[in-house]
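Enquirer:
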Amino acid sequence: MTRFLVKRIGMMIVTLFLIALLTFVLMHAVPGGPFTSDKQVSKAVMDALNEKYKLNDPLWKQFLDYMRGLVRFDLGPSFKYQGKTVNDFISNGLPYSAKLGAITLVFVLCASIPMGIISALRNGKWQDMLVMALATVGVTIPSFVIATGLIYFFSFKLGWTPVYGVDKWQGYILPVIAMGGYSVSFLARLMRSSLLDVMGQDYIRTARAKGISETRVILKHALRNALIPVITVLGPTVANLLTGSFVIEKIFAIPGMGGYFVNSVTQRDYTTIMGMTVFYAAFLIAMVFIVDLFYCLIDPRIKYD
Amino acid sequence: MSEINLKEPLLQVQNLVQHFPISRSFTVKAVNGVSFYIRPGETYGLVGESGSGKTTIGRSVIRLYNPTGGQMLFQGQDITGKLDGKTREMLRKDMQMIFQDPMASLNPRKKVEDIIGEGLEIHHIGASKQERQALIGDMLKKVGLSPEHAARYPHQFSGGQRQRVGIARALIMNPKLIIADECISALDVSIQAQVVNLMRDIQEETHCAYLFIAHDLSMVKYISDRIGVLHLGYMVESGTKEEIFSNPVHPYTKSLLSAIPHPNPEVEKRRKAITYDYASSGLDYAAGTEHNVGGTHTVLGTDEDIRRWQKQ
Amino acid sequence: MSEAKVVGNPSANKKILDIKNLDISFQTNAGTIHAIRGVNLDLCKGETVAIVGESGSGKSVTMKAVMGLLDSNATVNSGEILYTYTDEKGQEATVDLLKLPKKQLRQNFNGQRIAMVFQDPMTSLDPTMTIGKQIMESMFLHLQMDKEAAKARALELLELVGIPDAEKRFKNYPHQLSGGMRQRVVIAIALSANPDILICDEPTTALDVTIQARILELIMEIQQKMGLSVVYITHDLGVVAKVADYVDVMYAGKIVEVGNVNEIFFEPKHPYTWGLLSAMPDLETDDDRLYSIPGSPPNLLREPKGDAFAARNQFALAIDEKAEPPLFQISPTHWAATWLLHPDAPKVEMPPELVARLARARKEAEKYL
């Protein structure tokens, strides 16, 4: 197990390094720089700026400097906002994104898994049809359309929820539904097919032949096995939800990370783009890693060594 | 079978070793130095329990695996290492395989004529589409199906018919050697007999040789000329079927033979199988060498083992 | 079937399971499959019955009906499955398992009174639960045992089924055991709640011959120790010869021949039984060709007209095309459904290969007598 952990963490670091390198190279391959703009800036100012942000150094040196900072969890200063660092952006935006993401995650799990179970156990009945219809809608309609529709009905027509902002708890309802819609639908379908598959397995027949009740057969034998594929896709889903969705944050005016990220791209704020990308990547890799560890707990056939 | 050419073996396997490294510290030693030969037109049966390496040997011979060690000659050509184009062509044409599960080993989205005809196309046999179709139709008749079956898909057949398709697919290349890997185990008893009879008829007609891999000893005895008994990747005993069945020497062979169920209640109710457990037998297969105990009959063991077993 | 007779053995033992005129069909996309077409079968206390037949003959479906494990697209058209047992108060009771509510059947009969061993030990154990837990599960439920008592009994059972190092194995997961060991665990699970009847569905088909013999011997040993009645479902006549007292030969959803094991093996009367016996090579078979039953079993999507076996039967009579043969009695225990046994039928001898085979078998048997 220790060997696996060491190996795995090593792999994670290498992956992160490659992502950082790739982002860095791609960004510098695009013509123009962070200070290119419509306004004419005098050459002296330009030189001073380039000097200040060490943009005159050779690329490899810039990269090394960047990596040096990264090791100390310092993602560097923003090129666009005086006196702000990328770390500031993340620490400002992340709490909002993460809170929204965490609530969405709870919603996704609480909705999708029971939906999948019901639809599998009532295979072919009206409950199954209903869940599958909902899930198809959730997978096919983009989140911003759902969000707009929700706002129109619940905020505008019925006035039950605020149109934007998350100052009150009611403010979370619509963004959570809009953001989680896709994952709920996706996971519900996965849960359904996985449980249907498991219910047809021989060991379920063995359990029934033992004479234990159907409820117990499902709870003790079927669910655990059916959850294995669901857990596989949970890692990327969790990372996605917790790091926020720019669209949703924009529509509901939530000051999360998504906004900073998109701004940094349009403004060519090198360090912010780099920092955010590396942060997203690190988060995703960490989540996948945690999911792999969870595997061990739920499926005894998997042993890491 | 009088027309068998007894001079030159068709397939000669010398000291075949097949290991599969799983991780740096763990290697599955599936086959540990197995030797045998098959003459043209004869049937060689490989028997053993699961994990004995019998399936692995079949796959190594047809080069689905790269052998770890040893040498294999097929029609006098070395087929062990990296194959040159000509040898590969010869191997792919003259050696064919019939698989265990006739459902899983046929592509469900292909028509039977495409499954059977694929080899013809690859090896450019038959000048035109019509000619190929005629060949396929003949082949279907030969295996007891009708040419109308050509346009059907595998799922439209019963298990026994599907295995006939598998046999037709192998046969159409007119191979010299057919590796039949548990090809009747998944079939019902009444259908097993049909398929085995078919295989015998085909052998009589085309003089192809079979490497018949199975765990069902009574069927192996029925179809084979010579038999090799495998255990844990070692060939513990080999000889003609008479030598093996009337005079088994190795304790594993004895236990295997005693375990065959006889369809005879008076016998079965009174007979107990001989048990054999390698771990507690005190034997070390790696230390043994091949001893000839008469005729073509060979047994794996140390000198002392062989003496002891022969006394019993 | 109006001429349904009470087919059975006049054994001194009490009848424990009595299947009468069972008729089951399945709704599928392709249409209705009439899988069981009037099956009569009985099992007496302490005895072993083997049901022999090819895949699709209905042998597994019959026993699934006993367990209440039929798939949801199955319909029981008619029939009774009478089960006689001693209830909690020590009184003898008989129930029709088909009439019981599914819940009650599951709670009070499955596992506790009627248990089952399945074909493929590789897939019939829950991969995410230790084998100890899987064995104890039904003890908690049916025997109301506490954890300690259940564990002690589970360890006893593991030893009974010949698993060394029971204490260590108790905590193992199925994937840590070999196929033979897993099948022993499945047997231990089946035995865990002290059943009266053990149904073994092809218990050794997926196992190697050497392990097969040991598992069969184990089941026989336990049967004697615990006074179990056992039903085997199998297509392997070698297995039948080893374990059975009575044999039911099934074809296309019907029992075509029934008798005690010696009658079936030494004096078979139905051409299908002849075919089955001839198709399996014994170790003396050296003929150039194996006898084989031509064709394949009928598709039960269409109701067979006359005798379902007629199309594959080289001895078929004209009447086979028109009317289904009733069961003719040959001895107090031996019945067969073939028109060849009708007094007006022409005299037909079994195939010469089989005559020779049976002679050999009798001779071989004498060595053991």
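Residue numbers (my numbering), protein chains in the order written: chain A, 931 to 1235; chain B, 61 to 372; chain C, 336 to 704. For glycine and all other residues, C-beta sits at the position ideal for the given N, C-alpha and C. All values derive from a computational prediction rather than experimental measurement.
1) According to DSSP, which residues form a beta bridge with Arg286 of chain B?
2) So which residues on chain C does Tyr1225 of chain A lean against when the C-beta distance must stay under 7 Å?
3) Going by other Cβ atoms of all chains shown within 10 Å of its Cβ, with 16 needed for buried, is Glu719 of chain C buried or exposed?
4) Name the two residues that bound the continuous alpha helix (DSSP H) containing Tyr626 of chain C.
5) When DSSP builds the beta bridges, which residues end up paired with Ile532 of chain C?
6) Is there a Cβ from chain C that is less than 7 Å from the Cβ of Gln263 of chain B?
7) Whose C-beta lies closer than 7 Å to the C-beta of Pro639 of chain C among residues of the same chain, with five residues either side of it excluded?
8) His174 of chain B lies in the alpha helix (DSSP H); which residues open and close that run?
9) Let me see if you follow: with CB-CB separation under 7 Å, is Pro1243 of chain A close to chain C or not?
10) In the segment 656–671 of chain C, which residues sit with their C-beta less than 8 Å from some C-beta in chain B, listed in chain order?
11) Does Ile677 of chain C get closer than 7 Å to chain A when you measure Cβ to Cβ?
12) For Ile628 of chain C, which residues in chain B fall below 7 Å Cβ to Cβ?
13) In chain C, what lies closer than 9 Å to Glu242 of chain B by C-beta?
14) So that I know if they touch, is there some Cβ in chain B lying closer than 7 Å to that of Met615 of chain C?
15) Classify Ser341 of chain B: buried if its beta carbon has 16 or more other beta carbons within 10 angstroms, exposed otherwise.
16) Can you give me the Cβ contacts of Ile1127 of chain A inside the same chain, cut-off strictly under 8 Å, excluding the 5 residues immediately before and after it?
17) Does Ile1148 of chain A get closer than 7 Å to chain C when you measure Cβ to Cβ?
18) Given that a residue counts as buried once 16 or more other Cβ atoms are within 10 Å of its Cβ, and exposed if not, what is Pro538 of chain C?
19) Take every Cβ of the segment 1180–1191 of chain A, pair it with every Cβ of the segment 1113–1129 of chain A, and state whether three or more of those distances are shorter than 8 Å.
20) Is there a C-beta anywhere in chain C that falls below 7 Å from the one on Ala346 of chain B?
21) So the beta strand (DSSP E) Pro81 of chain B belongs to, where does it begin and stop?
22) Which of the three DSSP states, helix, strand or coil, is assigned to Glu981 of chain A?
23) Identify the contact partners of Arg330 of chain B in chain C, using a Cβ-Cβ distance below 8 Å as the criterion.
24) Could you list which residues in chain A have their beta carbon closer than 7 Å to that of Gly610 of chain C, in chain order?
25) Indicate whether at least one CB of chain A lies closer than 7 Å to the CB of Leu433 of chain C.
26) Since Asp455 of chain C meets chain A, which of its residues come closer than 7 Å, beta carbon to beta carbon?
27) Closest to Arg504 of chain C by CA distance: which of C:Val566, C:Met585, C:Ile470 and C:Lys560 is it?
28) Where does Ala1183 of chain A sit, in a helix, a strand or coil, going by DSSP?
29) Any chance you could list the alpha helix (DSSP H) runs of at least 4 consecutive residues sitting entirely within the segment 422–480 of chain C, in chain order?
30) With a CB to CB cut of under 8 Å and the five nearest residues on each side skipped, what residues in its chain are close to Phe650 of chain C?
31) Roughly how many angstroms separate the alpha carbons of Gln78 of chain B and Leu290 of chain B, rounded to a whole number?
32) Distance check for Met132 of chain B and Thr93 of chain B, CA to CA, integer angstroms please.
33) Residues of the segment 528–550 of chain C in Cβ contact with chain B at a cutoff of 8 Å, in chain order, please.
34) Give the interface partners of Asp571 of chain C over in chain B, defined as CB-CB distance under 8 Å, in chain order.
35) So, Pro156 of chain B versus Ile238 of chain B, is the Cβ gap smaller than 7 Å?
36) Cβ of Asn324 of chain B less than 7 Å from any chain C Cβ?
Expert: So, to answer that:
1) B:Tyr104 and B:Thr300
2) Under the 7 Å cutoff, chain C gives no residues; its nearest Cβ is about 11 Å from Tyr1225 of chain A.
3) For chain C, the structure presents residues 336 to 704; residue 719 of chain C sits outside this window and is missing.
4) Neither: Tyr626 of chain C is in no alpha helix (DSSP H) and is coded neither H nor E.
5) C:Ile449 and C:Ser564
6) no
7) Ala587 and Pro633
8) Contrary to the premise, residue 174 of chain B reads as Asp rather than His in this sequence. Val172 to Ile182 is the span of the alpha helix (DSSP H), which, as asked, contains Asp174 of chain B.
9) Here chain A has residues from 931 to 1235 only, and residue 1243 of chain A is not among them.
10) none
11) It is worth fixing the name first, because residue 677 of chain C is His in this sequence and not Ile. Closer than 7 Å: no.
12) Ser250
13) The premise fails here: Glu242 of chain B is roughly 12 Å from chain C at the closest Cβ pair, so nothing lies under 9 Å.
14) yes
15) exposed
16) Correcting the residue type first, residue 1127 of chain A is Asp in the shown sequence and not Ile. Answer for Asp1127 of chain A: Ala1156, listed in chain order.
17) no
18) buried
19) no
20) no
21) Leu71 to Ser83
22) helix
23) Tyr703
24) Going along chain A, no residue has its Cβ under 7 Å from Gly610 of chain C, so there is no contact; the nearest lies around 31 Å.
25) no
26) Asp1132
27) C:Ile470
28) coil
29) 437–443 and 466–477
30) Pro606, Leu675 and Val683
31) 14 Å
32) Reading the sequence as shown, one finds Gly at residue 93 of chain B and not Thr. Cα to Cα, the separation comes out at about 12 Å.
33) Asp543, Val544, Thr545, Ile546, Gln547, Ala548 and Arg549
34) Val249 and Pro321
35) What sits at residue 156 of chain B in the sequence shown is Gln, not Pro. Yes, they are a contact pair.
36) yes
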